[in-house]
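J.: Shown below is the structure under consideration.
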Amino acid sequence: MSKQKFMVVSGFLGAGKTTSMLALTRYINSTGKKASIIANDLGMNQVDANFSMMTNLSVTEISDVCICYQMDNVVDRLRRLQRTENPDLIMSDIPGCGVGALDHVYHELANNHTDEFSLAPFSVIVDPKRLRMMMNPESDNSLPHELFYLMEIQLEEADLVLLNKIDLLTEPEIEEMLEYLKKVCPDAEVFPISAKNGTNIDKWAALALNEKAKLKDVPFDSLDQDKFVTAEGLLAWYNRRLIADSADGNKKDMNVFVSDLVEEIRGRLIKAGCNIPHLKIFANSGEDYAKVSLIGVDCESEFAKMMKDPSDSVRVIINARAVAKSKELDYLMNEALVAAAEKSALTPNVFFTECFSVLDPK
Numbered sequence: 001m002s003k004q005k006f007m008v009v010s011g012f013l014g015a016g017k018t019t020s021m022l023a024l025t026r027y028i029n030s031t032g033k034k035a036s037i038i039a040n041d042l043g044m045n046q047v048d049a050n051f052s053m054m055t056n057l058s059v060t061e062i063s064d065v066c067i068c069y070q071m072d073n074v075v076d077r078l079r080r081l082q083r084t085e086n087p088d089l090i091m092s093d094i095p096g097c098g099v100g101a102l103d104h105v106y107h108e109l110a111n112n113h114t115d116e117f118s119l120a121p122f123s124v125i126v127d128p129k130r131l132r133m134m135m136n137p138e139s140d141n142s143l144p145h146e147l148f149y150l151m152e153i154q155l156e157e158a159d160l161v162l163l164n165k166i167d168l169l170t171e172p173e174i175e176e177m178l179e180y181l182k183k184v185c186p187d188a189e190v191f192p193i194s195a196k197n198g199t200n201i202d203k204w205a206a207l208a209l210n211e212k213a214k215l216k217d218v219p220f221d222s223l224d225q226d227k228f229v230t231a232e233g234l235l236a237w238y239n240r241r242l243i244a245d246s247a248d249g250n251k252k253d254m255n256v257f258v259s260d261l262v263e264e265i266r267g268r269l270i271k272a273g274c275n276i277p278h279l280k281i282f283a284n285s286g287e288d289y290a291k292v293s294l295i296g297v298d299c300e301s302e303f304a305k306m307m308k309d310p311s312d313s314v315r316v317i318i319n320a321r322a323v324a325k326s327k328e329l330d331y332l333m334n335e336a337l338v339a340a341a342e343k344s345a346l347t348p349n350v351f352f353t354e355c356f357s358v359l360d361p362k
């Protein structure tokens, strides 16, 4: 059996990693080849995994911790996918604040599994809003500057740097950002994409399928651990699963409930002086589903898909990565859910919640 091609897709919170991987998978499948996705994130009950699994593409999940720290599980999953599906490419993302996959994943596979796996170029997705903050660090932006260190390391690890969401940019903006990325990533190939519109996904596919990783030497131990811990410590992670039922028996437009929930969360974060680099909500009633994202309290929320029909019951998954203390985030999330549910006359029944920070007592 030939070597299985594998690719890691990195990028900061809200860069569009999931949307990009779905677009790449659809394109590769359309050419007669086959791609599979491993969805990875911290904690349990992940929005992106559930959303991706509704697409009829090949998607499996590795959750709880970053793939960097469960390599036995990663190798087992790659072998299983090769055996059962034999895809031309398997890709996995990592958590949006994650760094070190080049060292912990790529070099581990290259050193100990070279007879089984070949490595596609290490790909990093870049969001224009975050990049604009990096380009103008003295500007009045809403995220702590300490978080930019994580973005800098992600770019340092990259073989390919993909400027995403160019459908939201003008040509001069695209050129300015590409020029900046080429300066800070001189040994990476940089090009623009729109995962939403499919722009240049064919180019990414060709590189992923035909080129190999450079296996740069960026040891995790060489990172500035003080900066790394400080940046990670600013973030709290929140995951919740619930069912919301109609309190009066009438069917509801659950898109309104989901939108209200986002706005209730936003308002409470602003009042608390906090921010949210990424909020994701997935809601479904049977096969009808919606997904909405927010990448900052000063940004517009964006529906990747809306529910088509009213319903008297909806299952909801909430994932949030916030610049906040975990206890504070947990409290305001509870308040936001109660307020949004009351507006739509819904009764929420929560059956899973976790909220944590790397600095929380063990």
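Note that the sequence shown covers residues 1 to 362 in this note's numbering. Built from N, CA and C at the ideal position, the CB exists for glycine as well.
1) When you compare the CB positions of K129 and D167, do they come within less than 8 Å of one another, or not?
2) What residue ranges within the region 133 to 197 form continuous alpha helix (DSSP H) runs of no fewer than 4 residues, ordered along the chain?
3) Using a Cβ cut-off of 8 Å (strictly closer), state whether S246 contacts chain C.
4) Can you check the region 286 to 347 for any alpha helix (DSSP H) of at least 4 residues that lies completely inside it and give the ranges in chain order?
5) Closest by CA to M254, which one among P310, S118, N86, V184?
6) Measuring straight from C-alpha to C-alpha, what distance separates N10 and M91?
7) Entirely within the region 59 to 143 and at least 3 residues each: give me those beta strand (DSSP E) ranges in chain order.
8) Tell me the DSSP bridge mates of R241?
9) Please classify Q4 as buried or exposed, where buried requires at least 16 neighbouring CB atoms within 10 angstroms.
10) Where F282 and R268 are concerned, what is the direct C-alpha to C-alpha distance, given to the nearest angstrom?
11) Using C-beta distances below 6 Å, list every residue in its chain close to E211, excluding the 5 sequence neighbours before and after it, in chain order.
12) Report yes if the CB atom of A339 is closer than 8 Å to the CB atom of P348, and no otherwise.
13) Could you check where the alpha helix (DSSP H) with K17 kicks off and where it finishes?
14) Mark E264 as exposed unless 16 or more other C-beta atoms lie within 10 angstroms of its C-beta, in which case mark it buried.
15) Does the region 242 to 250 come into contact with the region 173 to 188, if we say contact requires no fewer than three beta-carbon pairs (one atom in each stretch) closer than 8 Å?
16) Should A205 and L57 be called a contact, given that it needs their Cβ atoms to be closer than 8 Å?
17) Buried or exposed: Q82, going by 16 or more other Cβ atoms within 10 Å of its Cβ?
18) Name, in chain order, the residues that DSSP records as bridge partners for N40.
19) So what's K203 in DSSP terms, helix, strand or just coil?
20) Name the two residues that bound the continuous alpha helix (DSSP H) containing F257.
21) Only counting the same chain, and skipping five residues up and downstream in sequence, which positions put a Cβ closer than 6 Å to that of V314?
22) I need the boundaries of the beta strand (DSSP E) containing F6, first residue and last residue.
23) On the DSSP bridge assignment, give the partners of S246 in chain order.
24) Assign G233 to buried or exposed, taking buried as 16 or more other Cβ atoms, counted over all protein chains shown, within 10 Å of its Cβ.
25) Excluding five sequence neighbours on each side, which residues of the same chain lie with their C-beta closer than 8 Å to the C-beta of L207?
26) For R240 versus G96, is the C-beta spacing smaller than 8 Å?
27) Tell me which residue opens and which closes the alpha helix (DSSP H) that T55 is part of.
28) Buried or exposed for H278, going by 16 or more other Cβ atoms inside 10 Å?
29) With DSSP collapsed to three states, give me the class of L279.
30) Smallest Cα separation from I50: which of A213, E287, V323?
31) For E157, count neighbouring C-beta atoms within 10 Å of its own C-beta (all shown protein chains included) and say buried if the count is 16 or more, exposed if not.
T.: A quick look at the data gives this:
1) As a position in the sequence shown, residue 129 is number 129, starting the count at 1. As a position in the sequence shown, residue 167 is number 167, starting the count at 1. Not in contact: K129 and D167 (Cβ atoms no closer than 8 Å).
2) 148 to 157, 171 to 184
3) Judged by its chain identifiers, the structure shown contains no chain C, having just a single protein chain.
4) 326 to 343
5) Counting from one through the sequence shown, the residue named residue 254 turns up at place 254. The option with the nearest alpha carbon to M254 is P310.
6) As a first step, residue 10 is located in the sequence shown; it is residue number 10 there, counting from the start. As a first step, residue 91 is located in the sequence shown; it is residue number 91 there, counting from the start. A quick correction: the sequence has Ser, not Asn, at residue 10. So the alpha carbons of these two residues sit roughly 10 Å apart.
7) 59 to 62, 89 to 93, 117 to 119, 123 to 126
8) Counting from 1 along the sequence shown, the entry for residue 241 is found at position 241. R241 pairs with I317, F352.
9) Here residue 4 refers to the residue found at position 4 when the sequence shown is read from its first residue. Q4 comes out buried.
10) Looking up residue 282 in the sequence shown gives position 282. Looking up residue 268 in the sequence shown gives position 268. Distance between the alpha carbons of F282 and R268: 20 Å.
11) For this step, residue 211 is matched to residue 211 along the sequence shown. Result list for E211: P121, in chain order.
12) Here the question's residue 339 lines up with position 339 in the sequence shown. Here the question's residue 348 lines up with position 348 in the sequence shown. No, these two residues do not count as a Cβ contact at 8 Å.
13) Stepping through the sequence shown from its first residue, residue 17 is reached at position 17. Note, K17: alpha helix (DSSP H), 17 to 30.
14) If you number the sequence shown from 1, residue 264 lands on position 264. It is buried - the Cβ of E264 has at least 16 other Cβ atoms within 10 Å.
15) no
16) Here residue 205 refers to the residue found at position 205 when the sequence shown is read from its first residue. Here residue 57 refers to the residue found at position 57 when the sequence shown is read from its first residue. No. Outside cutoff.
17) The residue given as residue 82 occupies position 82 in the sequence shown. Result: buried.
18) Stepping through the sequence shown from its first residue, residue 40 is reached at position 40. In DSSP, N40 forms a bridge with I62.
19) As a working mapping, residue 203 is identified with position 203 in the sequence shown. Note: K203 maps to helix in three-state DSSP.
20) Your numbering for residue 257 matches position 257 in the sequence shown. Start and end: 254 to 271.
21) Start at 1 with the first residue of the sequence shown, and residue 314 comes out as number 314. Correct list, in chain order: A244, M254, A283, S285.
22) Position 6 of the sequence shown holds residue 6. That run of the beta strand (DSSP E) goes 4 to 11.
23) Within the sequence shown, residue 246 is the residue found at index 246, counting from 1. Bridge partners of S246: L346.
24) Here residue 233 is taken as the residue at index 233 of the sequence shown, counted from 1. Its Cβ having fewer than 16 others within 10 Å, G233 is exposed.
25) Against the sequence shown, residue 207 aligns to sequence position 207. If we look at L207 and ignore the five residues flanking it on each side, its Cβ neighbours are A120, P121, L160, E189.
26) The residue labelled residue 240 in the question sits at position 240 within the sequence shown. The residue labelled residue 96 in the question sits at position 96 within the sequence shown. No, these two residues do not count as a Cβ contact at 8 Å.
27) In the sequence shown, residue 55 corresponds to position 55, counting from 1. Taken as a continuous stretch (DSSP letters only), T55 belongs to no alpha helix (DSSP H), as it is neither H nor E.
28) Translated into the one-based positions of the sequence shown, residue 278 becomes position 278. The residue in question, H278, is buried, as its Cβ has 16 or more Cβ neighbours within 10 Å.
29) Start at 1 with the first residue of the sequence shown, and residue 279 comes out as number 279. Of the three classes helix, strand and coil, the one that applies to L279 here is strand, per DSSP.
30) If you number the sequence shown from 1, residue 50 lands on position 50. Reading off the sequence shown, one finds Asn at residue 50, where the question assumed Ile. The shortest Cα separation from N50 among A213, E287, V323 belongs to E287.
31) Numbered from its first residue, the sequence shown carries residue 157 at position 157. With 16 or more Cβ atoms within 10 Å of its Cβ, E157 is classed as buried.
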